[in-house]
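Worksheet: the structure to be examined is printed underneath.
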Amino acid sequence: MNQKELKEFLDEKVIQYNNQDFIESDPVQIPHLFTQKEDIEIAGFLSASIAWGNRKMIIKNSHKMMELMGNTPYDFVMSHSDEDLAKLETFVHRTFNGHDFAGFIKGLKHIYQNHNGLENVFAKNQEKDSLQKSISEFKKIFFETDHLARTQKHISDPLNNSAAKRINMYLRWMVRQDAKGVDLGIWKTISPSALSCPLDVHSGNVARKLGILSRKQNDAKALAELDLALRKMDASDPVKYDFALFGLGVFEGF
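Going by this note's numbering, the first residue of the sequence shown is number 1, and it counts up by one from there.
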């Protein structure tokens, strides 16, 4: 396929997968449970943070996270007691356990109490066509509170050459203005043009087969290469192609 044919092919796949049917098999359904901005942000952040492994298990455990917070995530973050945090100790998703969960709650409270919320932290350090510095700075601020050293591994740092798939996916949910009702687009101070594709094994393999990614590792350098290719196809909304790459990989075994 030449560049024009490739763009047409991927645009068709975006239309195929970027619709309401996508929600029922994806963890993006978790922030859709809420209407208050802060509830949406926190529910999205926590569910994106455990989004690796079996998708059904991710969704099941994300629902469990919400239940442990009484299905009022913002209120829980801001007014939890030590006893409330102790109740989280039973939670486990792969290597993310109840102690990590409690550490995340403390970090979120710090963000809202001292830094004017999640959107403000990410917006403050954004660059013209990248949020990778924003992610790195967010991680520093998030872990200014007391936490276990092990918990830090659950937020990736792009400046340490991570593709930071989960947090880039979260930013897609919060920032992308999606007329199809999948991405929530509640953050207005960050442009969708600055988003990066959530690069994982599926999207990476498809991108390589299509010839828009040559680097073999799924790391920050590969992400920069993929972002460049996607921005050439749509500079204003490059991560819409995540739906095409992910859908081709997961649903079609491309």
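Ideal Cβ positions, reconstructed from N, Cα and C, are used throughout, including at glycine.
Original post:
What's the C-alpha gap between Lys4 and Leu195?
Top reply: Here residue 4 corresponds to residue number 4 of the sequence shown, with the count starting at 1. Here residue 195 corresponds to residue number 195 of the sequence shown, with the count starting at 1. Their Cα atoms are separated by approximately 23 Å.
**OP:** Count the other C-beta atoms from every protein chain shown that fall within 10 angstroms of the C-beta of Asp21, then say buried if there are 16 or more, exposed otherwise.
**Re:** On the sequence shown, residue 21 is found 21 positions in, with the first residue counted as 1. Classification for Asp21: exposed.
**OP:** Within the same chain, show all residues whose beta-carbon is closer than 8 Å to that of Gln29, passing over the 5 residues directly before and after it, in chain order.
**Re:** Translated into the one-based positions of the sequence shown, residue 29 becomes position 29. Correct list, in chain order: Ile23, Ile59.
Subject >> Range covered by the alpha helix (DSSP H) that runs through Met65 >> reply: Along the sequence shown, one-based indexing puts residue 65 at 65. 55–68 is the span of the alpha helix (DSSP H), which, as asked, contains Met65.
Original post:
Looking only at its own chain, which residues have a Cβ that is under 7 Å from the Cβ of Lys37, when we skip the five neighbours before and after it?
Top reply: Within the sequence shown, residue 37 is the residue found at index 37, counting from 1. Within the same chain, Lys37 has close Cβ partners Ile186.
Original post:
Lys221: which of Met174, Val239, Ala163, Met169 sits nearest, CA to CA?
Top reply: In the sequence shown, the residue the question calls residue 221 occupies position 221. Cα-wise, what sits closest to Lys221 is Ala163.
Original post:
Among all the DSSP beta bridges, which residues are the ones paired with Glu119?
Top reply: Mapped onto the sequence shown, residue 119 falls at position 119. DSSP output for Glu119 lists no bridge partner at all.
Subject >> Close beta carbons around Leu68, own chain, < 7 Å, minus the five adjacent residues each side >> reply: The residue labelled residue 68 in the question sits at position 68 within the sequence shown. Cβ within range, chain order: Lys87, Leu88, Phe91.
Original post:
Can you name, in chain order, every residue of its own chain whose Cβ lies under 6 Å from the Cβ of Pro238, other than the five neighbours on each side?
Top reply: Stepping through the sequence shown from its first residue, residue 238 is reached at position 238. Within the same chain, Pro238 has close Cβ partners Leu230, Arg231.
**OP:** Could you check what DSSP says for Asn168 in three-state terms: helix, strand or coil?
**Re:** Here the question's residue 168 lines up with position 168 in the sequence shown. Helix at Asn168.
Original post:
Hey, is Asn205 close to the ligand FAD, as in C-beta under 7 Å from one of its heavy atoms?
Top reply: Absent from the structure shown: the ligand FAD. Ligands present: none.
Subject >> Identity of the residue in Glu144, Ser130, Gly181 nearest Leu223 by Cα >> reply: Numbered from 1 along the sequence shown, position 223 holds the residue referred to as residue 223. Selected option, being the one with the closest Cα: Ser130.
Subject >> Cα-Cα separation, Leu228 to Asp234 >> reply: Numbered from its first residue, the sequence shown carries residue 228 at position 228. Numbered from its first residue, the sequence shown carries residue 234 at position 234. When rounded, the distance between both Cα atoms is 10 Å.
Original post:
If you compare alpha carbons, which of Ala207, Ser191, Gln217 is closest to Val250?
Top reply: Here residue 250 corresponds to residue number 250 of the sequence shown, with the count starting at 1. Ranking the options by Cα distance to Val250, first place goes to Ala207.
**OP:** Tell me Glu137's beta-bridge partners as DSSP assigns them.
**Re:** Position 137 of the sequence shown, counted from the first residue, corresponds to residue 137. DSSP output for Glu137 lists no bridge partner at all.
Original post:
With distances taken from CA atoms, which of Ala179, Asn160, Ile155, Asn161 is nearest Met169?
Top reply: The residue labelled residue 169 in the question sits at position 169 within the sequence shown. The option with the nearest alpha carbon to Met169 is Ile155.
Subject >> Rounded C-alpha distance that separates Lys106 from Lys209 >> reply: Position 106 of the sequence shown, counting from 1, holds the residue named residue 106. Position 209 of the sequence shown, counting from 1, holds the residue named residue 209. The alpha-carbon atoms of Lys106 and Lys209 are separated by roughly 42 Å.
Original post:
Applying the criterion that 16 or more other CB atoms from any shown protein chain within 10 Å of the CB defines a buried residue, is Glu41 buried or exposed?
Top reply: Stepping through the sequence shown from its first residue, residue 41 is reached at position 41. The residue is buried, with at least 16 neighbouring Cβ atoms inside 10 Å.
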